[in-house]
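Input: a single structure, listed below in structure tokens.
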Amino acid sequence: MQTGRPLTKRGRVFVRIAVVFVLLVSLGGGLGLAAEGIEGRAALRDGPVGSLAPADRTCGKESCSWTGTFTSTDGSVTARNVELRDAVDVRRGDPAPARIDGVRLAEDAGAAYTADYGWHGPVVKGSVLALVGLAVATGLVLMLRRQRTAAPGHA
554 MQTGRPLTKR GRVFVRIAVV FVLLVSLGGG LGLAAEGIEG RAALRDGPVG
604 SLAPADRTCG KESCSWTGTF TSTDGSVTAR NVELRDAVDV RRGDPAPARI
654 DGVRLAEDAG AAYTADYGWH GPVVKGSVLA LVGLAVATGL VLMLRRQRTA
704 APGHA
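So the sequence shown is numbered by the numbering used here: it starts at 554 and just counts up by one.
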């Protein structure tokens, strides 16, 4: 039973654009977030152990993270511009520590993780974001199909 007015051509185009937007944002963001969690898990399991010497901080809206040079304990691995991911909230005014020990470097050497990094959170949040986006996009596509089949002149 149809309860609203049929969508105009412009309305159908808008809904299609909305579907693409929802998919890009939810899948891109969700899978990116989940990938960070998976990368953190792999680094904590297999990454070289060492220390990070913070040189700068990278700040978002709510908190910051340290960026610096990672050096493995045995000195065989060195990586610059490594972002530290951990459970400690860093504020803009916090003084940089001289060195943070016990961190593990990710395979791509772009991030290092402390033992207290909670990789479960990003994996779960990313998965939920991707699934919700898929559900919303599916609902919009189904709405378009119902509109098309309910319109007069369509079989």
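Virtual Cβ for every residue (Gly too), placed ideally from N, Cα, C.
- By DSSP's assignment, P559 forms no beta bridge with any residue.
- Our two residues, F623 and L637, have alpha carbons roughly 9 Å apart in a direct line.
- Residue burial annotation: T691 is exposed, with fewer than 16 other C-beta atoms found within 10 angstroms of its C-beta.
- Membership of R633 in the beta strand (DSSP E) is indicated by the continuous run T631 to R638.
- Distance between R569 and D661, taken at the CA atoms: about 37 Å.
- In summary, T620 is buried, with 16 or more beta-carbon neighbours lying within 10 Å of its beta-carbon over all protein chains present.
- When only Cα atoms are considered, P675 and A587 end up about 5 Å apart.
- By the criterion of a C-beta distance shorter than 8 Å, G655 is surrounded in its chain by V602, S604, T667 and A668, once the five residues flanking it on both sides are discounted.
- If you check the CB distance, L580 and G686 come in under 7 Å.
- Between S616 and V643, the C-beta gap is smaller than 7 Å, which places the two residues in contact.
- Only exposed fits A651, as fewer than 16 other CB atoms lie within 10 angstroms of its CB.
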